[in-house]
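All residue numbers for the sequence shown refer to the working numbering, where the first residue is 4 and numbers rise by one. Report on one structure; see the data block that follows.
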Amino acid sequence: MEALDILEKRIDALTRVLGPVQDSEAGEGVVDALCSAHALLGEATTGSVPLQQCVKRSSELEKYLDPNFLEEQQQVRSKEVYLHAVAPELHTQAEQLERIRQLEPALGAEYFRSIPAECLDQLKGITQNNGEYAQQSELIEESLVLAMKRYGEIQAGLLSSLDAMSDRLDQVEERMEQRKRAELSKDVPPKD
């Protein structure tokens, strides 16, 4: 149906450019002309394998000439970028699924089916608590990392302050030694 729509649009465009169509009774119809052109193309390409292959691949050419083709490629690219962004999460979920498949025989065991309802509620509570503990431990880990970074910054600041203080002390000691030398040289009478 798309090919017919395209042909109708082309005919409308040609009609606008060339003017109205003459009486259809006087001449050959558009459909008849199209069929005869198709038959002539078939006869012309008979015996020529490369031409027949080109005609067979004409639908690919129309696909590439479609203005929406570029948008389709961009959509594929955006989906690819999305998949790359979600790939680590998908990988971890696949690992968890594989782990569940490995544990399936033990999880489907009969002794799990005969657990009383009160114990199941307790197990659910323990599972939820474990999830909360995991979140809390992640928060604690993050705060520890931040504290260690801050400690490193403070340590670096202290080391730079100590270096600056050591340099000042060296300068003060040097000045004191210069003063002592100057005082000693004043106290000693010059030899004539």
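The beta carbon of each residue, even a glycine, is placed where N, CA and C say it ideally should be. Because the structure is a prediction, the values reported are computed rather than measured.
(1) Considering only residues of the same chain and omitting the five flanking positions on each side of R60, which have a CB-CB separation below 7 Å?
(2) Could you spell out the range, first to last residue, of the alpha helix (DSSP H) harbouring I129?
(3) Straight-line CA distance for L37 to S81?
(4) Can you tell me whether DSSP reads P108 as helix, strand or coil?
(5) Leaving out five residues on either side along the sequence, give the residues of the same chain with a beta carbon under 6 Å from the beta carbon of E180.
(6) Counting only C-beta atoms, is L106 closer than 7 Å to chain B at any point?
(7) Specify the secondary structure class of S51 as computed by DSSP and reduced to three states.
(8) Is the beta carbon of Q55 closer than 7 Å to that of T48?
(9) Comparing C-alpha positions only, which one of L147, V52, S140 and E65 sits nearest to I9?
Taking the definition as stated:
(1) none
(2) A120 to D190
(3) 40 Å
(4) helix
(5) none
(6) No chain B appears in this structure, which consists of one protein chain only.
(7) coil
(8) yes
(9) E65
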